[in-house]
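Everything below concerns the one structure shown next.
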DNA sequence: CTGGATCCAAGAGGATACTG
DNA sequence: CAGTATCCTCTTGGATCCAG
């Protein structure tokens with residue numbers, strides 16, 4: 001495997017890409033994706049699974065993910081309204097890149113914590 | 001090394017990891033990394049390279065990246081003060097995961113724009 | 001049960017002025 | 001040149017109440 005990066009610069013970042021990643025990698029999206037990758041969930045299932053998120057933020061995040069085609073929303077019944085959220089095929093393709101990122105975070109965390117301590121020590 | 005996590009959920013997200021990714025993938029970090037991956041830069045070089053960022057945000061982002069060991073800061077002279085920012089070895093390890101993410105964004109962008117249009121059409 | 005509407009507090013971030 | 005300090009605005013997000 002070639003880690004030598006592309007000869008030119010694959011890393012160039014455009015505004016639309018930045019915006020997309022902002023929408024998809026925001027504070028709660030990863031936790032939601034994590035839940036929905038395991039099983040479809042109703043609204044309150046997600047609230048229970050991620051207790052720190054407020055109802056408002058959960059609604060907003062789900063709407064955003066739905067708009068971007070990452071999660072699907074299905075009306076199940078309509079008397080005591082039931083809604084089921086699930087991951088879409090497109091959403092599943094996001095998992096591998098995110099896993100790479102999480103793996104990086106996990107591996108490098110000790111180094112980074114060391115850097116933080118060194119920085120804080122000097123800066124004080 | 002196995003931390004005891006089940007083999008199927010690599011995607012589990014912990015608070016420290018989330019926080020780390022927030023610090024390192026925020027609005028301006030990717031553009032800064034992009035510049036510094038090509039060459040070390042002085043403060044105003046970066047301002048010119050990324051005209052949309054304010055001085056305040058640039059300072060804050062550089063400080064944060066420096067604290068996390070992603071960029072280095074070197075005082076060059078001291079009469080008309082000169083400072084050079086550069087990517088660290090740790091910072092370079094971030095490039096591959098970010099590239100994977102950007103590649104995802106680039107390939108999936110058409111699909112996502114389609115999803116957005118469909119959503120907006122129905123919701124209106 | 002799902003989620004819209006409203007109010008409010010806290011933080012992010014821009015503009016400007018000033019300093020070593 | 002490379003910031004720091006201040007002010008001020010705008011957004012984000014929590015809490016609460018209400019509706020289909």
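Protein chains in written order, with full-length UniProt numbering: chain A, 1 to 124; chain B, 1 to 124.
C-beta atoms are modelled at their ideal positions from N, C-alpha and C, and glycine is treated no differently.
In this text the structure is predicted, and so the values were computed from the model without any measurement.
Could you tell me which chain B residues have their CB closer than 7 Å to the CB of residue i, listed as they occur along the chain?
{"i": "residue 108 (chain A)", "result": "90, 93"}
{"i": "residue 105 (chain A)", "result": "17, 20, 21"}
Answer yes or no: does any C-beta atom of chain B fall closer than 7 Å to that of residue i?
{"i": "residue 64 (chain A)", "result": "no"}
{"i": "residue 101 (chain A)", "result": "yes"}
{"i": "residue 40 (chain A)", "result": "no"}
{"i": "residue 3 (chain A)", "result": "Residue placement at residue 3 (chain A) is poorly supported in this model, since its pLDDT is 45, which falls under 50; the coordinates are not used for a value here."}
{"i": "residue 121 (chain A)", "result": "no"}
Can you confirm whether residue i, when its beta carbon is compared against all beta carbons of chain A, has any partner nearer than 7 Å?
{"i": "residue 43 (chain B)", "result": "no"}
{"i": "residue 53 (chain B)", "result": "no"}
{"i": "residue 69 (chain B)", "result": "yes"}
{"i": "residue 116 (chain B)", "result": "yes"}
{"i": "residue 97 (chain B)", "result": "yes"}
{"i": "residue 111 (chain B)", "result": "yes"}
Give every residue of the same chain whose Cβ lies closer than 6 Å to the Cβ of residue i, excluding the five residues on either side of it in the sequence, and list them in chain order.
{"i": "residue 41 (chain A)", "result": "35, 85"}
So, at 8 Å on beta carbons, what are the nonlocal neighbours of residue i in its own chain, with the 5 sequence-adjacent residues on each side left out?
{"i": "residue 2 (chain A)", "result": "Summary for residue 2 (chain A): the model assigns pLDDT 47, below 50, so the residue's position carries little reliability; its value from the coordinates is reported in the next sentence. Taken in chain order, the list of residues that qualify is empty."}
**OP:** Below 8 Å between beta carbons is the criterion; list the residues of the segment 7 to 37 of chain A that meet it against any residue of chain B, in chain order.
**Re:** So the list reads 9, 10, 11, 12, 13, 16, 17, 18, 20, 21, 22, 25, 27, 30, 31, 33, 34, 37, given in the order they occur along the chain.
Original post:
Quick check: the segment 49 to 57 of chain B against the segment 79 to 92 of chain B, are there 3 or more CB pairs under 8 Å?
Top reply: The segment 49 to 57 of chain B vs the segment 79 to 92 of chain B: no contact.
Original post:
Contact between the segment 72 to 85 of chain B and the segment 95 to 115 of chain A: three or more CB pairs below 8 Å?
Top reply: Counting C-beta pairs closer than 8 Å gives fewer than three between the segment 72 to 85 of chain B and the segment 95 to 115 of chain A, which falls short of the contact rule.
Original post:
Does the pairing of the segment 33 to 49 of chain B with the segment 15 to 22 of chain B give three or more beta-carbon distances under 8 Å?
Top reply: As far as the Cβ criterion goes, the segment 33 to 49 of chain B does not touch the segment 15 to 22 of chain B, which means the pair count is below three.
Original post:
Can you find at least 3 beta carbon pairs, one from the segment 21 to 32 of chain A and one from the segment 76 to 85 of chain B, that sit closer than 8 Å?
Top reply: Under the 8 Å Cβ criterion, the segment 21 to 32 of chain A does not count as touching the segment 76 to 85 of chain B, having fewer than three qualifying pairs.
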